[in-house]
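Contents: one structure, followed by commentary.
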Amino acid sequence: MTIYAAPGTPDAKVTFKPRYEHWIGGEWVKPIKGQYFEDITPVTGKPFAEVARGTAEDIDAALDAAHKAFPAWGKTTPTERAAVLNKIADVIDANLELLAVAETWDNGKPIREPLNADLPLASDHFRYFAAAIRAQDGNHAELDGDMVAYHFHEPLGVVGQIIPWNFPILMATWKLAPALAAGNTIVLKPAEQTPVSILVLIELIGDILPPGVLNIVNGFGIEAGKPLASSPRIRKIAFTGETTTGRLILQYASANIIPSTVELGGKSPNLFFADVADSNDAFYDKAQEGFTLFAFNQGEVCTCPSRALIQSTIYDSFLGDAIERTKKAVQGNPLDTDTQVGAQASNDQLEKILSYIDIGKQEGAKLTLGGSRVDLGGDLTDGYYVEPTIFEGNNSMRLFQEEIFGPVVAVTSFTDYDNAIALANDTLYGLGAGVWSRNGNVAYRAGRDIQAGRVWVNNYHAYPAGAAFGGYKSSGIGRENNKLALDHYQQTKNLLVSYSENALGFF
Amino acid sequence: MIDAAVTIAEESTSRVALADASVELLRKLWDHYGPLMFHQSGGCCDGSSPMCYPAGDFITSDNDVLLGVFDIGDADDPRPIEFWMSREQFAYWSHTHLTVDVVAGRGSGFSVEAPEGVRFLIRSRLMETALPFA
């Protein structure tokens with residue numbers, strides 16, 4: 001067990017600056033209007049740093065820098081860009097604890113997560129795209145004896161990226177690594193709840209990237225996000241968030257006729273077929289953990305398995321065991337490596353979760369576990385902590401239909417395979433899903449029949465860089481991870497070449 | 001508290017309301033941004049929160065439902081604010097009455113109140129007269 005010292009105390013791994021500026025053109029730049037906002041740590045509910053409050057003028061300056069940098073960066077070789085990405089990965093690995101403490105303080109997540117998941121995944125992600133861009137070939141087609149179509153990958157140019165607050169560094173990495181690998185330059189806006197940890201990373205990697213290749217402007221959506229997303233000076237806009245903003249981003253993209261990838265969340269079903277309980281063995285234990293993963297990252301995951309569907313013949317026993325399992329989840333100081341459930345990322349997030357617990361009760365769902373805010377006392381007394389919460393109900397309740405983005409799971413039963421698939425697909429969304437069965441045929445069929453971009457079979461919440469991630473239905477457009485993601489940051493250039501000496505003969 | 005005017009054909013009960021704190025905040029935001037609108041979000045991160053935009057910034061379509069219209073002005077100076085939701089989402093929400101409240105917070109998205117250090121939040125209650133509309 002290790003308890004990391006809180007930032008601001010003598011032994012802290014990270015020392016935050018009192019004030020953070022924008023990162024534009026390879027240097028720290030004050031906001032043109034001179035305004036700042038406070039960054040609050042959800043661990044204690046107290047502000048710990050001031051952050052530049054960007055406006056359209058700052059976005060313009062960042063776009064200027066990105067446009068200036070693009071001609072040279074876009075012409076670098078894949079080998080050169082891969083070397084840059086690999087260096088970034090090395091720096092992340094070398095500063096694991098520092099970045100982990102920064103991430104936990106900014107977001108509220110238990111530090112075992114950035115130490116063992118967010119940051120190792122981030123460095124691996126940079127290395128994956130370093131490898132992918134070097135291994136990427138164009139192609140050609142010999143259309144006839146005299147004509148060849150050559151296809152080249154070219155970067156799009158300057159791209160805009162808007163990042164969510166649930167995995168601030170990892171979600172930025174998902175967007176940055178393929179965009180940089182493909183040769184684009186970037187203006188990135190972090191979430192206003194978690195603006196600082198990415199800037200701590202920039203302090204470490206800023207000199208690896210040529211000036212202007214990556215620019216970061218913080219601020220509020222209406223003041224900084226909108227001017228970025230609606231700018232005619234970007235060639236693509238990428239966004240992770242919710243549906244209304246996703247539609248707004250797509251509207252801005254349509255006005256400028258540029259592509260947009262949007263990841264908008266889900267209400268992911270986690271299906272447990274009866275045979276998981278055939279034996280009380282390691283696999284059963286794994287399935288139980290699969291249920292409990294709804295509380296991972298306090299439920300603040302776009303693919304949170306927030307709907308548990310359990311076959312009726314094992315419903316009581318499986319859920320009973322799962323409740324006992326969930327009770328053992330350790331909630332506490334996010335800086336303690338033994339803590340498994342930390343703080344929600346913001347006060348409004350906390351309030352929203354509590355409002356859902358309220359509507360769940362009104363709708364007649366049975367509150368089986370948790371359901372309250374937690375006061376951890378001491379310095380943590382004003383932090384945003386919610387108990388892992390289990391409700392039983394039916395799939396038409398709002399608890400089952402909306403992503404609460406908290407440690408709240410809605411549980412119901414299914415009778416047979418067809419009923420399971422119908423319930424799983426009775427949702428507006430299709431981002432993630434889980435299928436648990438010892439029968440490979442059932443697991444395979446269910447995985448194919450569920451309308452979701454990522455179906456975990458006999459596991460959950462793994463995010464390897466090589467596995468494509470993205471949504472069906474209202475969960476969005478496009479894929480991240482996997483070399484497929486390069487397509488979202490590249491143009492196709494076709495050279496159609498005639499090697500014939502002879503005229504066509506039309507005129 | 002302000003109840004929205006009923007806008008759905010053949011309905012007689014208001015579906016959305018503004019808490020007093022929301023009325024006060026919206027009047028301030030109106031002075032800054034001009035006419036406003038709401039669109040109820042779904043999905044992750046800031047999902048399930050009402051998004052408040054300058055009116056017309058968000059393009060609604062036939063696949064959206066107008067749940068009601070608030071008026072935060074007075075007889076001499078009406079200030080109507082429409083409240084919208086996607087039709088597919090309304091199919092799952094139609095049995096609940098929504099009250100737009102305000103809490104301290106740091107919402108993301110492009111909603112106009114975020115720079116004030118507050119966030120609109122939906123509080124819900126069951127509607128006895130409107131089950132179910134899907």
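Protein chains in written order, with the numbering used here: chain B, 1 to 507; chain W, 1 to 134.
Glycine included, each C-beta is placed from N, C-alpha and C at the ideal position.
Fair warning: this is a prediction, and the values are worked out from it, not measured in the lab.
{"Item": "Within the same chain, show all residues whose beta-carbon is closer than 6 Å to that of B/P259, passing over the 5 residues directly before and after it, in chain order.", "Value": "K236"}
{"Item": "Could you work out which residues of chain B lie near W/V103, taking near to mean beta carbons separated by less than 8 Å?", "Value": "N347, D348, E351"}
{"Item": "How many whole angstroms separate the CB atoms of B/I523 and B/P227, which I take to be in contact at a CB cut-off of 8 Å?", "Value": "With chain B covering only 1 through 507, there is no way to say anything about residue 523 of chain B."}
{"Item": "Leaving aside the five residues before and after B/K473 along the sequence, list all residues of the same chain whose C-beta is less than 7 Å from its C-beta, in chain order.", "Value": "L428, Y429, G430, Q451"}
{"Item": "Hey, does B/W165 have any beta-carbon neighbour from chain W nearer than 9 Å?", "Value": "yes"}
{"Item": "Contact between the stretch 401-416 of chain B and the stretch 290-307 of chain B is defined here as three or more beta-carbon pairs at a separation below 8 Å; is this criterion met?", "Value": "yes"}
{"Item": "Curious, which full-length beta strand (DSSP E) runs of at least 3 residues does the stretch 4-47 of chain B contain?", "Value": "22-24, 27-29, 36-41"}
{"Item": "Beta strand (DSSP E) containing B/P517: first to last residue?", "Value": "Nothing in the structure corresponds to residue 517 of chain B, since chain B is present only between 1 and 507."}
{"Item": "Quick check: is the beta carbon of B/L428 nearer than 9 Å to any beta carbon in chain W?", "Value": "yes"}
{"Item": "Alpha carbon to alpha carbon, what distance is there between W/M1 and W/E82?", "Value": "16 Å"}
{"Item": "Pairing CB atoms from the stretch 154-170 of chain B with CB atoms from the stretch 42-57 of chain W, are three or more of them under 8 Å?", "Value": "yes"}
{"Item": "Is W/V103 closer than 9 Å to B/N347 when the C-beta atoms are compared?", "Value": "yes"}
{"Item": "Which residue from B/G157, B/W105, B/A135 puts its Cα closest to that of B/I169?", "Value": "B/W105"}
{"Item": "Per DSSP, what are the beta-bridge partners of B/E263 in this structure?", "Value": "B/T240, B/G476"}
{"Item": "Can you list, in chain order, the residues of its chain whose CB lies under 6 Å from that of B/H488, leaving out five sequence neighbours each side?", "Value": "T261, G478"}
{"Item": "Find out if the Cβ-Cβ distance for the pair B/P513, B/E50 is shorter than 9 Å.", "Value": "As shown, chain B starts at 1 and ends at 507. That puts residue 513 of chain B outside it, with no answer to give."}
{"Item": "Starting from W/T13, find everything on chain B with Cβ-Cβ shorter than 7 Å and list it in chain order.", "Value": "Here the premise fails: no neighbours, minimum Cβ distance about 17 Å."}
{"Item": "Under a CB-based cut-off of 9 Å, is B/Q401 close to chain W?", "Value": "yes"}
{"Item": "Output the boundary residues of the beta strand (DSSP E) element that contains B/G290.", "Value": "Taken as a continuous stretch (DSSP letters only), B/G290 belongs to no beta strand (DSSP E), being part of the alpha helix (DSSP H) at 282-292."}
{"Item": "Strictly under 9 Å for the Cβ-Cβ distance: is B/I404 near chain W by that measure?", "Value": "yes"}
{"Item": "In the DSSP assignment, the beta strand (DSSP E) including B/W456 goes from what residue to what residue?", "Value": "454-457"}
{"Item": "For B/H22, count the other beta carbons within 10 Å of its own beta carbon; 16 or more makes it buried, fewer makes it exposed. Which is it?", "Value": "buried"}
{"Item": "Give me, in chain order, the residues of the same chain whose beta-carbon lies closer than 6 Å to that of W/F38; leave out the 5 immediate sequence neighbours on both sides.", "Value": "P50, C52, F83"}
{"Item": "Can you list, in chain order, the stretches of the beta strand (DSSP E) that have 3 or more residues and sit fully within the stretch 65-133 of chain W?", "Value": "80-86, 96-104, 118-126"}
{"Item": "Distance, Cα to Cα, W/F133 vs W/H95?", "Value": "With a pLDDT of only 42 at W/F133, under the threshold of 50, the placement of this residue in the model should not be trusted; the figure read from the coordinates follows. Their Cα atoms are separated by approximately 7 Å."}
{"Item": "Beta carbon of B/A229, beta carbon of B/G157: below 9 Å?", "Value": "no"}
{"Item": "Determine, using beta carbons only, whether W/G34 comes closer than 9 Å to chain B.", "Value": "no"}
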